[in-house]
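Structure record follows, encoded as structure tokens.
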Amino acid sequence: MRKKVVALLLAAVMVAVLVAGCGSTNKPAAQQPAAKEPIKIALPTFTGYGPLLVAKEKGFFKNKGLDVEIQIIDGLGERKQALMANKIHGMATALDVSVTMAGDGVPIKILWAFDTSNGADGILVKNNKGISSVADLKGKEIALPEAATSHFFLLNVLDKAGMSDKDVKIVNMTAGEAGAAFVAGKVDAAVTWEPWLTKGAKADGKVLASTKDLPGIIVDVVFLREDFVKAHPDQVQAFVAALKEATDFMMTNKDEAYKIIANGFKMKPEEISADMETLKFYGLNENIAFFGTPDKPGPIYDVTKKAGQFYFDKKKISKVPNPADMIDASFLSKLK
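Numbering (mature numbering (1 follows the signal peptide of the UniProt record, and there is no 0)), first residue to last: -20 to -1, 1 to 316.
Take a look at the structure:
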């Protein structure tokens, strides 16, 4: 009897060991599937980044097995600190701002372009100051945030007219402060964005030049840290696919999409609708054309190069980053 009991116990132990062995997750690291880490994205309150909110609300991220955490952080300095401290994996921001991250030693990969400013940014001038062309800005004081996106835009406008920012007198203030100062009559010219362009035009002013004249200069993009992209390529592919899906939805279901964006940013749907008039959104085809390929670079390479040199000259970054190191169109190409 004892032998029978012992035999049964031994058999039970062997079965338990076999079951445990089959169910064990203690496999070599190479055999383990990569854990799906939440993708943490920071962005400011801006309509152009609406596809992120749409993708989250409509479940486009979730349907692709992604957990995406969206953090609205309006301060650029705070977003940069969070990225450098690895508290977030990426950021939605202007293309030229992305360059400053790479120039400060944080390797990134730009993956998707949301939109290009199509009149949302511009130069305001007073009607009675004899300024009817860009050349007339020579020697004039212009309010703008120095060494920032508005300054980069002005530089491109002046360059097109054969001038540089050395030909004007820059009064350093935020874009919002510049718009308010112009409306209050404290400055004769300002580089700012909506709604200040509209307000300024009503305050005895006019828009001398806007991003309608220079499409593709101010472009809003999303990037992720290079280390995250390398560690989680499948998640990144799904992330880009979800943004494509969200953009398509936004273009064909405007009322619903605008409500989602308005709720996310605590704005009114009509404000979102008005903003949309000054932005040109990029779908997959526009992204593929903008990014190009390493062999046939798209316009993004030239803008990135210009931005890198601009911020380096202004001593805002320690080196001019190589556009090829920052731009990754491989995930776009797989969506064709």
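Where a beta carbon is used, it is the ideal one built from N, C-alpha and C, also for glycine. All values derive from a computational prediction rather than experimental measurement.
Practice prompt. Specify, as a first and last residue, the run of the alpha helix (DSSP H) that Thr284 falls within.
Written response: 279 to 293
Worksheet item: Which value, in whole angstroms, describes the spacing of the CA atoms of Gln217 and Ala100?
Response: 30 Å
Fill in: Given Ala189 as reference, the closest of Ser130, Met231, Ala237 once Cα atoms are compared
Ser130
Worksheet item: Looking at Lys16 and Gln51, is the spacing between their C-beta atoms short of 8 Å?
Response: no
Worksheet item: Quick one: what's got a C-beta closer than 6 Å to Ala161's C-beta in the same chain, skipping five residues either side?
Response: Ala123, Val167
Discussion item. Judging by CA-CA distance, which residue of Lys316, Pro301, Thr284 is the nearest neighbour of Phe133?
Written reply: Thr284
Fill in: Val86 to Gly70 span [Cα, whole Å]
11 Å
Worksheet entry | For Ser97 and Ala115, the rounded distance between their alpha carbons | 23 Å
Worksheet item: Counting along the chain, where does the alpha helix (DSSP H) carrying Ala306 start and finish?
Response: One point to set straight first is that residue 306 is Met, not Ala, in the sequence displayed. 303 to 306 is the extent of the alpha helix (DSSP H) around Met306.
Discussion item. What residue range does the alpha helix (DSSP H) around Asp139 cover?
Written reply: 129 to 140
Item to complete: Please state if the CB of Leu63 and the CB of Val199 are separated by a distance shorter than 8 Å.
Response: no
Discussion item. Whether or not the stretch 19 to 37 and the stretch 230 to 237 are in contact is what I'm after, with contact meaning three or more pairs of Cβ atoms, one per stretch, closer than 8 Å; do they touch?
Written reply: yes
Worksheet item: Taking just the CA atoms, how far does Ser112 sit from Asp145?
Response: 18 Å
Practice prompt. Kindly indicate which three-state DSSP category Glu257 falls into: helix, strand or coil?
Written response: coil
Fill in: Candidates Lys294, Asn152, Phe270, Ile297, of which the one nearest Leu312 by Cα
Phe270
Fill in: When Asn302, Pro279, Gly272, Lys296 are compared against Lys316, the one with the closest alpha-carbon
Gly272
Worksheet item: In its own chain, which residues sit with a C-beta less than 8 Å from the C-beta of Asn108, not counting the 5 before and 5 after it?
Response: Asp184
Worksheet item: Skipping 5 residues on each side, what residues in its chain have a beta carbon closer than 7 Å to that of Gly165?
Response: none
Worksheet item: Terminal residues of the continuous alpha helix (DSSP H) containing Ile241?
Response: 234 to 245
Worksheet item: Is DSSP giving Thr227 helix, strand or coil here?
Response: helix
Fill in: Every unbroken alpha helix (DSSP H) within the stretch 51 to 139, with a cutoff of 4 residues, ordered by chain
56 to 64, 75 to 83
Worksheet item: Can you tell me the Cα-Cα spacing of Phe290 and Gly156, whole angstroms?
Response: 22 Å
Practice prompt. State the DSSP-derived secondary structure class of Lys299, mapped to helix, strand or coil.
Written response: coil
Discussion item. Tell me the DSSP secondary structure of Leu32 in three-state form.
Written reply: helix
Worksheet item: How many whole angstroms separate the CB atoms of Ala169 and Val105, which I take to be in contact at a CB cut-off of 8 Å?
Response: 5 Å
Worksheet item: Does DSSP put Ala266 in a helix, in a strand, or in coil?
Response: In the sequence as displayed, the identity of residue 266 is Glu instead of Ala. Glu266 falls in the helix class under three-state DSSP.
Practice prompt. Could you have a look at Ala309 and say whether DSSP puts it in helix, strand or coil?
Written response: coil
Worksheet item: Do you know how far the Cα of Ile88 is from the Cα of Asp275?
Response: 20 Å
Discussion item. Quick check: the Cα distance between Lys224 and Gly119, rounded to an integer number of angstroms?
Written reply: 45 Å
Item to complete: Compute the distance between the beta-carbons of Gly83 and Pro303, then report whether it is under 8 Å.
Response: no
Discussion item. Taking the alpha helix (DSSP H) that Phe41 belongs to, which residues open and close that run?
Written reply: 40 to 43
Worksheet entry | Status (buried if at least 16 other CB within 10 Å, exposed otherwise) for Ala65 | exposed
Practice prompt. List the whole-angstrom C-beta distance separating Leu204 from Asp95, where the pair is believed to meet the contact cut-off of C-beta under 8 Å.
Written response: At roughly 19 Å, the Cβ-Cβ gap does not stay under 8 Å, so Leu204 and Asp95 are not in contact.
Fill in: Buried or exposed (CB count within 10 angstroms, at least 16 for buried), Ala10
Note that Ala10 scores a pLDDT of 41, beneath 50, so its modelled location is shaky; the value from the coordinates is reported in the next line. Result: exposed.
Worksheet item: So, is Gln215 buried or exposed, given that buried needs 16 or more other C-beta atoms within 10 angstroms?
Response: buried
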